[in-house]
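Colleague:
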């Protein structure tokens, strides 16, 4: 489990096939010091297991299912990736609960810049629209963000300079593909509503109970 607070931006040193798996190697300084082989690390929001440590490089293996649901297969040498090590019991929860299981791949449709303020419109597949709620949480390439506005098959996020500086979002252009993981609380509520053929859970109810 993760928090969506990026610990470090790493650099891909290798990305390619080895038999039926995809091997990803990432150069890291801070994360490298704090993890061991077998530990979980979120790479652009995808929960991966450290398979080897060498120099300042961490190796990860990804299977077909992971590649099909994420942007990992498109990474190449020299690309920057967001890194976060897994949450420990004593750690502060600075963002929201992020599992590292990507729901879908979205696309940056539009970027607006006004001084230091930046907003992005993120497009996503229509079948995930029931998991989007204004002021709710979303993990975008592993970054915990608040949904500022909901549009048709898209949502808007607002980015402060610190987020742009300490993550990969500052260098993402319009058209870039991003990993999306929707809030686990929202998923449970959506599932509950489906299995109970609708419910009286509304956005107002969630606000009143402190979920939003």
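In my numbering, the protein residues as written are 8 to 219. Yeah, the Cβ is synthetic: ideal placement off N, Cα and C, and Gly gets one too.
What does DSSP give as the partner residues of residue 91 in its beta bridges?
Modeller: Answer is 49, bridged to residue 91.
Colleague: Between the C-alpha atoms of residue 161 and residue 108, what's the straight-line distance to the nearest angstrom?
Modeller: Taking the straight line from one Cα to the other gives about 20 angstroms.
Colleague: Where residue 94 and residue 173 are concerned, what is the direct C-alpha to C-alpha distance, given to the nearest angstrom?
Modeller: 19 angstroms
Colleague: Going by DSSP, name the residue or residues bridged to residue 161.
Modeller: 130 and 158
Colleague: Quick one, which of 128, 104 and 153 has its alpha-carbon nearest residue 143's?
Modeller: Of 128, 104 and 153, the residue nearest in Cα terms is 153.
Colleague: Could you check where the alpha helix (DSSP H) with residue 4 kicks off and where it finishes?
Modeller: Nothing about residue 4 can be read from this structure; the chain reaches only from 8 to 219.
Colleague: Using beta-carbon positions only, say whether residue 17 and residue 33 come within less than 8 angstroms of one another.
Modeller: yes
Colleague: With residue 173 as the anchor, note down where its alpha helix (DSSP H) starts and where it stops.
Modeller: Here the alpha helix (DSSP H) through residue 173 covers 168-173.
Colleague: Beta carbon of residue 150, beta carbon of residue 89: below 8 angstroms?
Modeller: yes
Colleague: Please name the residue, chosen from 51, 15 and 106, that lies closest to residue 38 on a Cα-to-Cα basis.
Modeller: 15
Colleague: What does the Cβ neighbour count give for residue 188, buried or exposed, with the cut at 16 atoms within 10 Å?
Modeller: Burial call: buried.
Colleague: What's the C-alpha gap between residue 118 and residue 23?
Modeller: 31 angstroms
Colleague: For the beta strand (DSSP E) that residue 20 lies in, which residues bound it at each end?
Modeller: 15-25
Colleague: So the candidates are 35, 121, 116 and 131; which of them puts its Cα closest to the Cα of residue 167?
Modeller: Out of 35, 121, 116 and 131, 121 has the C-alpha closest to the C-alpha of residue 167.
Colleague: When DSSP builds the beta bridges, which residues end up paired with residue 41?
Modeller: Note: residue 41 sits in no beta bridge, so no partner.
Colleague: Assess contact between the segment 81-88 and the segment 59-70, defined as three or more Cβ pairs (one per stretch) separated by less than 8 angstroms. Is contact present?
Modeller: no
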